[in-house]
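Asks: Sharing a structure here in structure tokens format.
Protein chains: 2
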Amino acid sequence: MEKINLAQKLALFADHWNPRIIGELNGQHVKLAKLLGEFVWHSHAEEDEMFLVLKGTLLMRLRDRDIELSEGEFFIVPRGVEHLPVAVEEVHVLLFEPASTLNTGNVQNERTRGELERL
Amino acid sequence: MEKINLAQKLALFADHWNPRIIGELNGQHVKLAKLLGEFVWHSHAEEDEMFLVLKGTLLMRLRDRDIELSEGEFFIVPRGVEHLPVAVEEVHVLLFEPASTLNTGNVQNERTRGELERL
């Protein structure tokens, strides 16, 4: 039961597409991630997923359109909706999603992270 | 299914202690609130509540200690824990909590907000 400083937590890691858990409440996780480049198309069957941009510009590609998210903007990807996060330059995001959420959703590949580190 | 810009939403209201709903996912609400002055001691029997400070300094008083939250810091008040938010100067916060959460928790008074506005 301590306060969390986002900048301090962001300073603790540098790798991309590897979310860290920084908080838990009501069965949901609060995570931080650094993104660079293109991820993989995926969806989450049971989880809505919120991306809040803390730094940079995140391009969230959906099958029917693209959404550009700047610092201070968020987007909620509803469960079942395919999405592809793209970061042309490094992006820092805060994620809010159920504790059950797998980063690559319905896809299993080298980008998949199983047990996430807690900071 | 649109992106949300926090600054744009914050510009839409000016009153204090009256959270607005700006997102919903997995049975949780994302809210914005402006705080000024002292709230009321209360707790939430069934809900953990997250306060992320977007602007200003929030003093979160607990029965056994005080926690000072600056911009870019958050605190999760676990269910059942009495807390008293205090904002000496205006504070803007992002809240994450279950859709069932009542702002004054176990207390009903003039500060209680029933149906919240959606922005």
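Same order as they appear, the protein sequences are chains A and B.
When we follow the numbering used here, the leftmost residue of the first sequence carries the number 113, and every step to the right adds one.
When we follow the numbering used here, the leftmost residue of the second sequence carries the number 113, and every step to the right adds one.
Here a beta-carbon is modelled for each residue, glycine too, at the ideal position from N, C-alpha and C.
Under 9 Å Cβ-Cβ, which residues of chain B neighbour residue 190 of chain A?
Replies: The contacting residues are 113, 137.
Asks: Looking at the structure shown, is residue 121 of chain A part of a helix, part of a strand, or coil, going by DSSP?
Replies: DSSP places residue 121 of chain A in helix when its eight states are reduced to three.
Asks: Taking the DSSP output, what are the residues bridged to residue 178 of chain B?
Replies: DSSP output for residue 178 of chain B lists B/173 as bridge partner(s).
Asks: Where residue 167 of chain A and residue 187 of chain A are concerned, what is the direct C-alpha to C-alpha distance, given to the nearest angstrom?
Replies: Cα to Cα, the separation comes out at about 14 Å.
Asks: One question on the structure: do residue 194 of chain A and residue 225 of chain A come within less than 7 Å of each other, judged by their Cβ atoms?
Replies: Not a contact, by the Cβ cut-off of 7 Å.
Asks: Which residues does DSSP list as the beta-bridge partners of residue 220 of chain B?
Replies: According to DSSP, which records beta bridges pairwise, residue 220 of chain B is partnered with nothing at all.
Asks: Is the CB-CB distance between residue 185 of chain B and residue 165 of chain B below 7 Å?
Replies: It is a contact, given that the beta carbons lie within the stated cut-off.
Asks: Give the DSSP-derived three-state secondary structure of residue 199 of chain B in the structure shown.
Replies: Three-state result, residue 199 of chain B: strand.
Asks: Applying a beta-carbon distance threshold of less than 7 Å, which residues of chain A neighbour residue 160 of chain B?
Replies: Simply 137, 138.
Asks: Is the CB of residue 185 of chain A under 7 Å away from at least one CB in chain B?
Replies: Closer than 7 Å: yes.
Asks: Indicate whether at least one CB of chain B lies closer than 7 Å to the CB of residue 181 of chain A.
Replies: Yes, its Cβ sits closer than 7 Å to a Cβ of chain B.
Asks: Evaluate contact between the segment 202-211 of chain A and the segment 142-160 of chain A, counting only Cβ atoms and requiring at least three cross-stretch pairs below 8 Å.
Replies: The segment 202-211 of chain A, when compared against the segment 142-160 of chain A, does touch it at the 8 Å Cβ threshold.
Asks: Measure the C-alpha to C-alpha separation of residue 228 of chain B and residue 220 of chain B and round it to an integer number of angstroms.
Replies: The alpha-carbon atoms of residue 228 of chain B and residue 220 of chain B are separated by roughly 15 Å.
Asks: Any idea what DSSP makes of residue 184 of chain A, helix, strand or coil?
Replies: Coil.
Asks: Exposed or buried, residue 131 of chain B, counting other C-beta atoms within 10 Å across all chains shown (16 or more means buried)?
Replies: Buried, because 16 or more other Cβ atoms sit within 10 Å of the Cβ of residue 131 of chain B.
Asks: With a 10 Å radius around its C-beta and 16 neighbouring C-beta atoms as the bar for buried, classify residue 122 of chain B as buried or exposed.
Replies: Classification for residue 122 of chain B: buried.
Asks: Apart from the five residues just before and just after residue 158 of chain B, which ones in its own chain have a Cβ nearer than 8 Å to its Cβ?
Replies: Only 191, 210, 212 meet the Cβ criterion.
Asks: Verify whether the separation of the beta carbon atoms of residue 171 of chain A and residue 180 of chain A is less than 7 Å.
Replies: Yes, the pair counts as a contact, with Cβ atoms nearer than the cut-off.
Asks: Please determine, among B/127, B/137, B/128, B/125, the residue with the shortest C-alpha to C-alpha distance to residue 113 of chain B.
Replies: Ranking the options by Cα distance to residue 113 of chain B, first place goes to B/137.
Asks: Hey, how far is the Cα of residue 156 of chain A from the Cα of residue 141 of chain A?
Replies: Each residue's Cα considered, the two are about 15 Å apart.
Asks: DSSP has residue 141 of chain B in a bridge; who is on the other side?
Replies: According to DSSP, which records beta bridges pairwise, residue 141 of chain B is partnered with B/136, B/209.
Asks: For residue 133 of chain A and chain B, any beta-carbon pair shorter than 7 Å?
Replies: False, the Cβ-Cβ gap to chain B never drops below 7 Å.
Asks: Comparing the C-beta of residue 214 of chain A with each C-beta of chain B, is any distance below 7 Å?
Replies: Taking Cβ atoms only, chain B never reaches closer than 7 Å to residue 214 of chain A, which makes this a no.
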